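Just so you know, we're using this note's numbering here: the sequence shown kicks off at 159 and counts up by one.
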Amino acid sequence: MTAASPSEEFAFGVSVAPVTTVDELVVLSLRLGYLGTGNVYVPIRFAVAPLGDVRLRVLEARPGEDPTRELPFGKRVRLAPVRASDFIAVEPGEVIAAGYPLSEGYRLERARTYTINAEFVCPEPPEELRGYRVATGRFAAPETRLTVR
């Protein structure tokens, strides 16, 4: 297997609307962009399963304070073992995008500022992809914030 270096060849980002109200649905947008050369296989479970191979930390803070408390994820997600069908070949410049209703997994019901940290984790590829160029490693998105009023 030929590895693709995440720090040099990929851009991972998340975003939300910066301000919302307590009763609104909050959707987290996830984007994985390939900046390298030549095709590479990347895992896409984050686009089809609740967050897939994305690790999230959501921290809560009262207005004007630093984030202090990590919110628990309110759903139980169990991923099946990785299969070749969990990967797709992407070309340079291609972006994979997905949305996740953040307010379904986290209780964002208080007027607070929430800090969201996300990390994309590439699982070990299955045997069928040995010999192909496959994304490896972990890489973090820039921190993002959400204010609930």
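Cβ atoms here follow ideal geometry from the backbone N, Cα and C, with glycine treated the same way.
These numbers were taken from a predicted model, which means no experiment stands behind them.
Asked                                                                                                                : Found
Three-state secondary structure (DSSP) of residue 277                                                                : strand
Same chain only: Cβ atoms within 6 Å of residue 305, ignoring 5 sequence neighbours per side                         : 177 and 271
Secondary structure of residue 257, DSSP reduced to three states                                                     : strand
Other residues of its chain near residue 264: CB distance less than 7 Å, five sequence neighbours each side excluded : 216, 229, 231 and 232
Residues sharing a beta bridge with residue 370, DSSP                                                                : Because the chain is modelled from 159 through 307, residue 370 falls outside the range shown and cannot be assessed.
Residues near residue 286 by beta carbon distance below 7 Å, same chain, minus five either side                      : 242
Coarse secondary structure for residue 204, derived from DSSP in three states                                        : helix
Residue from 220, 190, 223 and 198 with nearest C-alpha to residue 209                                               : 190
Opening and closing residue of the beta strand (DSSP E) in which residue 216 lies                                    : 212 to 219
Delimiting residues of the beta strand (DSSP E) encompassing residue 291                                             : 291 to 293
Beta-bridge pairing of residue 173 - partner residues as DSSP gives them                                             : 187
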